[in-house]
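This report refers to the structure that appears directly beneath it.
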Amino acid sequence: MAVTNVEYLERFLDDVDKVSGGRPGAISEDRWLVANYDPGKLPCLTPYLDFDDARVRSELVTLLGDVRERGVYDKILMMRDEAGDGVSMACLGYLTMLHEDDEAIPGLIDTMEHTRGPDFSRAARRLAGIARASDLPAIRKIYGQVGGTMRDETRIILERIIARNPELSRKRDLILSVPVYPDEEAFERFLDTSIEYLDVRYRKNVLPQTSVNEGTYNNVVRAIRRMRTRLYNEADNLRFYGPDKEDRFHELSELVRWANDDLGGKKVLLSDDRKQSKVCPRCGGMLICYKGIWMCPDCGGDL
Numbered sequence: 420m421a422v423t424n425v426e427y428l429e430r431f432l433d434d435v436d437k438v439s440g441g442r443p444g445a446i447s448e449d450r451w452l453v454a455n456y457d458p459g460k461l462p463c464l465t466p467y468l469d470f471d472d473a474r475v476r477s478e479l480v481t482l483l484g485d486v487r488e489r490g491v492y493d494k495i496l497m498m499r500d501e502a503g504d505g506v507s508m509a510c511l512g513y514l515t516m517l518h519e520d521d522e523a524i525p526g527l528i529d530t531m532e533h534t535r536g537p538d539f540s541r542a543a544r545r546l547a548g549i550a551r552a553s554d555l556p557a558i559r560k561i562y563g564q565v566g567g568t569m570r571d572e573t574r575i576i577l578e579r580i581i582a583r584n585p586e587l588s589r590k591r592d593l594i595l596s597v598p599v600y601p602d603e604e605a606f607e608r609f610l611d612t613s614i615e616y617l618d619v620r621y622r623k624n625v626l627p628q629t630s631v632n633e634g635t636y637n638n639v640v641r642a643i644r645r646m647r648t649r650l651y652n653e654a655d656n657l658r659f660y661g662p663d664k665e666d667r668f669h670e671l672s673e674l675v676r677w678a679n680d681d682l683g684g685k686k687v688l689l690s691d692d693r694k695q696s697k698v699c700p701r702c703g704g705m706l707i708c709y710k711g712i713w714m715c716p717d718c719g720g721d722l
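Quick note on the numbering used here: the sequence shown kicks off at 420 and runs consecutively.
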């Protein structure tokens, strides 16, 4: 069960009291704080980077380095120059650790691209802990080229990148989808079918309605989700296709946004036995009803 922010802060404050009371290492050596950290906990900790006690600031910086929290990089860069010796040393350790990670990442990606077996697995495990959002294209390329356990290991890297960068959570389903190889004929068939589905069938049968039954709603959401995922995975392939494909790519992208917005504004007529089965038109997750409002716990959207 995930540790709440309140539980995490309570544990951290207990450690703050210990450090302030003269027990060094209570924060920086608390493995529970490391094991239960996620980026959602950062707002609980950032005020203590300005705490009066330099020992607390120093140990917190060390903790943030151990969990590879990059969200405070600029703050710690300033603290290195402005703080006292103990805090400055902790900041230097944090910055050195992230710099070493940055230097290691290209080699680890190269290992995953060109090796198999134990070497691949070791590189994947290391990358899972340090890979950055900017590494997503390279990791996703590997994700599409491997299968079996290697794909599972690569997926873990993608999931960990998303976890460390909450702003990516809205694209979780896209990032974790498997890339497709360039195939212009297949892409053209996809464009023809999808544009006809939205620009003709949806425009004729769904657009005029103010409400839709649950089955129609879920069918359209699934179709939109498939289109959105395919477009995401074809974006890098456009350079291999004819110039008209880019125009049609953008045409379908606009149709997907239009249909998604229109569908989100309609009343859904739910069947009695599947009242909790609505699908989020944004991310494809399952919606829940809270006080009469349909909400998506995956992307935070509501209808």
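Heads up, the beta-carbon is just placed ideally off N, CA and C, and yes, glycines get one too.
Computed from a prediction, not measured in an experiment: that's the story for all the values here.
Leaving aside the five residues before and after residue i along the sequence, list all residues of the same chain whose C-beta is less than 7 Å from its C-beta, in chain order.
i	result
S540	E572
V414	The first residue shown for the chain is 420 and the last is 722, placing residue 414 beyond what the model contains.
K460	N424, Y427
E670	I614
S672	L650
L626	D681
L527	A542, R545, L546
Specify the secondary structure class of residue i as computed by DSSP and reduced to three states.
i	result
V422	coil
A509	helix
S447	coil
L722	Confidence is the limiting factor: at L722 the pLDDT is only 49, short of 50, which leaves the residue's position unreliable, though a coordinate-based value still follows. Three-state result, L722: coil.
D472	coil
D434	helix
L595	coil
C463	helix
D666	helix
D618	helix
Y492	helix
G566	coil
P556	helix
V480	helix
Y651	helix
G547	Correcting the residue type first, residue 547 is Ala in the shown sequence and not Gly. Here A547 sits in helix by DSSP.
G536	coil
N455	coil
V625	coil
P601	coil
V640	helix
I'd like to know if residue i contacts chain D, where contact means its C-beta is closer than 8 Å to some C-beta of that chain.
i	result
E673	The question asks about chain D, but that chain is absent: this structure has only one protein chain.
Per DSSP, residue i is paired with what?
i	result
S630	K686
Suppose the cutoff is 8 Å on Cβ atoms and the five residues either side in sequence are ignored; what does the same chain contact list for residue i look like?
i	result
T648	D592, L593, S596
C463	N424, Y427, L428, F431
R489	L517, R551, R583
R474	V438, S439, P443, G505
L657	K664, E665, F668
Would you check if the distance between the CB atom of residue i and the CB atom of residue j is smaller than 8 Å?
i	j	result
R476	V506	yes
D449	D469	no
S630	K686	yes
M516	G484	yes
E501	V438	no
N652	P598	yes
F609	Y660	no
E604	K664	no
L577	R559	yes
N455	V491	no
I524	C510	no
L688	N632	yes
Mark residue i as exposed unless 16 or more other C-beta atoms lie within 10 angstroms of its C-beta, in which case mark it buried.
i	result
T481	buried
V640	buried
D520	buried
S553	exposed
R644	buried
K710	At K710 the pLDDT is 49, less than 50, meaning the model places this residue with poor confidence and gives no usable figure here.
V675	buried
Y600	exposed
Can you give me the Cβ contacts of residue i inside the same chain, cut-off strictly under 6 Å, excluding the 5 residues immediately before and after it?
i	result
L587	I581
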